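Presented below is the structure to which this report refers.
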Amino acid sequence: MALKRITAQDLYNYTKCLHRVFLDSNGNPSEKSEVSSFVKLLWEVGLQTERDYISSLGDQEITDLQHLAVEPAFQETLSAMERGSPIIYQGCLIHEHFVGRPDLLVKREDSSSRLGPFLYEPIDIKAGRGWEESESKKRKFKEHYAFQILFYRFLLEKIQGTVSPGGRIINVDKEIEEFDPVPFEERFAQAMQEVQRLVSGDVSSEPVLGSHCTMCGWFTRCYRWVKAEADPTGLFFVGKQKFAMKEVGLRTIADIAAMEVDDYLAPPLKIPRMGKKSLDRMKERAQVALEGKPVIRPGYTFPKVEREIYFDIEDDPTRGVVYLFGYVICEPDRSARYEYFWAKQPEDEERTVRAFWTFLQSCGNVVFYVYSHKERTTLKQLMERYGLDSDTFESYRVKEYDLYQQLVVDYSDWPTFSYGIKHIAKWIGFQWRDLDPSGANSIAWYNDYLNDPGNPSLMQRILDYNEDDCYAMLAIKQHFERYRSEVQAAIDRGPQDDI
Ligand code: SF4
Numbered sequence: 003m004a005l006k007r008i009t010a011q012d013l014y015n016y017t018k019c020l021h022r023v024f025l026d027s028n029g030n031p032s033e034k035s036e037v038s039s040f041v042k043l044l045w046e047v048g049l050q051t052e053r054d055y056i057s058s059l060g061d062q063e064i065t066d067l068q069h070l071a072v073e074p075a076f077q078e079t080l081s082a083m084e085r086g087s088p089i090i091y092q093g094c095l096i097h098e099h100f101v102g103r104p105d106l107l108v109k110r111e112d113s114s115s116r117l118g119p120f121l122y123e124p125i126d127i128k129a130g131r132g133w134e135e136s137e138s139k140k141r142k143f144k145e146h147y148a149f150q151i152l153f154y155r156f157l158l159e160k161i162q163g164t165v166s167p168g169g170r171i172i173n174v175d176k177e178i179e180e181f182d183p184v185p186f187e188e189r190f191a192q193a194m195q196e197v198q199r200l201v202s203g204d205v206s207s208e209p210v211l212g213s214h215c216t217m218c219g220w221f222t223r224c225y226r227w228v229k230a231e232a233d234p235t236g237l238f239f240v241g242k243q244k245f246a247m248k249e250v251g252l253r254t255i256a257d258i259a260a261m262e263v264d265d266y267l268a269p270p271l272k273i274p275r276m277g278k279k280s281l282d283r284m285k286e287r288a289q290v291a292l293e294g295k296p297v298i299r300p301g302y303t304f305p306k307v308e309r310e311i312y313f314d315i316e317d318d319p320t321r322g323v324v325y326l327f328g329y330v331i332c333e334p335d336r337s338a339r340y341e342y343f344w345a346k347q348p349e350d351e352e353r354t355v356r357a358f359w360t361f362l363q364s365c366g367n368v369v370f371y372v373y374s375h376k377e378r379t380t381l382k383q384l385m386e387r388y389g390l391d392s393d394t395f396e397s398y399r400v401k402e403y404d405l406y407q408q409l410v411v412d413y414s415d416w417p418t419f420s421y422g423i424k425h426i427a428k429w430i431g432f433q434w435r436d437l438d439p440s441g442a443n444s445i446a447w448y449n450d451y452l453n454d455p456g457n458p459s460l461m462q463r464i465l466d467y468n469e470d471d472c473y474a475m476l477a478i479k480q481h482f483e484r485y486r487s488e489v490q491a492a493i494d495r496g497p498q499d500d501i
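3 is the number of the first residue of the sequence shown in the numbering used here; add one for each residue after it.
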């Protein structure tokens, strides 16, 4: 039987989820959902970035093979390489069952190869940047970009007998970014072996449920599996750690709920990187999941101010633009109201953020409720981009209250694998007007709006979604306030009463 093909996409997926590599080659396609509009948008943005770059090359000679299927593209690529074509766009490289289509194969005359006094170098055109700040603030090159280039280098070496020393991509700003492939080689070799086992179906790995899954076509299937198996990733914050937990016998949520934490703090049951605090919390979450009822712990407080602002930003990372600053204002003796600052076009971002800065300066003694660190991070980036007043940002920062971290994560547990706003707010009965609300969809809707700005319903859909996000935060805060009042009332009533 012919071996199943392995592509650069498999290597990319490997860096995100091993089980996805298995399912893409071995899963039942009828269990895979249709690609979301956001993923389609990402594809379109990727293609447009390539087209823009290719047209920026002017009248340079390019062999364009984008419309050819794999086999004819491979034959044409070999011919173009043999005759020394300067640039090959969407060529095809095949060795055994490995198939790669690098965006560009660029001829270099500073080395020779089996082809003659030149060789080809693979370069991908990306709609993002390769170098990024890691959590330790050390710059590092994205592994999924590097793996794709290393895959093409592996194929090119088979064809031309050698490869050039460095790795390169062209980033979203049409700049060349270079990286050293050597530090990636060992993990890449492991990845190639594991990908082959996963694609062939020799191993399957297991779903690791997490926030990354919501954009994956296999989500419904994996969610069902996690529920049926009572898999530990049905708990918030377990992730890949579940493999180490399963090795010491914590195979299900019930195992975790029943564990004696002290037994897992020293060999032979010690779980790497998990101390008593993490295990205690994990056990509590498992008990909450089995009970099917959230638990709220005492100790949280809210700032005592007259004006509360529930604030949510919408941005489009595919265009690098922040297009909406929406908020709900609550103050005494007035109904809560929604207001917003909106960038009608990406070019309006600066004008919009400057207007929002003026609004921030007028806010006085308020609290800004948000549901992630994103608002703070985004405002800081915008301040740096446009040279905005830093005192205004600092004043905002000290008035910000992150309901996700400072309230939900720190003071409660929920029988759901994610503590994202959609999961928590829906649990307490809040409903979005849109049937398919998500930040990713909002980005897709913004792009629909930009293509058809005269259509008022497209803009309204985004505003409604953003407004509902703000009211969802308000609902969560009120839920915790109510709970605290009920507990206090029970304490005041005395020991004979239960709540
Ligand atoms: S839904 Fe999640 S666990 Fe399942 S294949 Fe996709 S990314 Fe992997």
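We treat Cβ as the ideally placed atom computed from N, Cα and C, and that holds for glycine.
A quick note: this is a predicted structure, and the numbers were derived from the prediction, not measured.
Considering Cα atoms alone, identify which of 386, 149, 333 and 329 is closest to residue 102.
149
CB of residue 228 within 8 Å of CB of residue 12, strictly
no
Where in the segment 103-137 do unbroken runs of the beta strand (DSSP E), each at least 3 residues long, occur, reported from the N-terminal end onward?
106-110, 121-127 and 133-135
Rounded C-beta distance between residue 255 and residue 236? I'm assuming under 8 Å.
6 Å
Going by DSSP, what residue range makes up the beta strand (DSSP E) through residue 79?
No beta strand (DSSP E) holds residue 79; the alpha helix (DSSP H) holding it covers 72-84.
Name the DSSP beta bridge partners of residue 342, please?
328
Going by CA-CA distance only, name the one from 421, 400, 215 and 386 that's closest to residue 296.
421
Would you check if the segment 210-228 and the segment 176-191 touch, i.e. whether three or more CB-CB distances between them fall below 8 Å?
no
Expected contact under 8 Å - CB spacing of residue 171 and residue 125 to nearest Å
6 Å
For ligand 1, residues whose Cβ lies under 5 Å from any non-hydrogen atom
19, 21, 22, 209, 215, 218, 220, 221 and 224
Taking the continuous alpha helix (DSSP H) assigned at residue 425, which residues delimit it?
423-429
Would the segment 264-282 and the segment 386-405 be scored as touching if the rule is three or more Cβ pairs under 8 Å?
no
Distance, Cα to Cα, residue 116 vs residue 164?
8 Å
Proximity to residue 449 [Cα-Cα], best of 427, 346 and 34
346
Going by the CB atoms, is the gap between residue 287 and residue 238 shorter than 8 Å?
yes
Quick one: any contact between the segment 294-308 and the segment 277-284, if contact means 3 or more CB pairs under 8 Å?
no
Based on DSSP bridge pairs, tell me the residues matched to residue 370.
311 and 402
Residue ranges of each alpha helix (DSSP H) within the segment 175-206, 4 or longer:
184-202
Leaving out five residues on either side along the sequence, give the residues of the same chain with a beta carbon under 6 Å from the beta carbon of residue 338.
330 and 332
Pull the bridge partners of residue 169 from the DSSP assignment, please.
181
Can you tell which of 84, 465, 195 and 240 has the C-alpha that lies nearest to the C-alpha of residue 418?
240
Kindly list the residues whose CB is nearer than 8 Å to the CB of residue 242, restricted to its own chain and excluding five residues on each side of it in sequence; keep chain order.
210
From 23, 91, 71 and 75, pick the residue whose C-alpha is nearest to that of residue 54; which is it?
91
Residue 303 - DSSP class collapsed to helix/strand/coil
coil
Here's the rule: buried if 16 or more other CB atoms are within 10 angstroms of the residue's CB, otherwise exposed. What is residue 162?
buried
Using 8 Å for Cβ pairs, my map puts residue 316 next to residue 468. What's the rounded Cβ distance?
6 Å
Just curious, the beta strand (DSSP E) that residue 65 is in, first and last residue?
64-66
Run through DSSP, which three-state label would residue 56 get?
helix
With DSSP as the reference, label residue 2 as helix, strand or coil.
Outside the modelled stretch of the chain, which goes from 3 to 501, sits residue 2, for which no answer is possible.
Three-state class that DSSP yields for residue 482 in the structure shown
helix
Would you please state the rounded distance, in angstroms, between the beta carbons of residue 504 and residue 381? I believe it to be under 8 Å.
The structure shown does not extend to residue 504, since the chain is modelled only from 3 to 501, so the question has no answer here.
Residue 398 beta carbon less than 8 Å from that of residue 432
no
Identify which residue in 372, 389 and 378 has its Cα closest to the Cα of residue 477.
372
Looking at the strands, I want to know which residues DSSP matches up with residue 141.
135
DSSP puts residue 414 in a beta bridge; with which residues?
298
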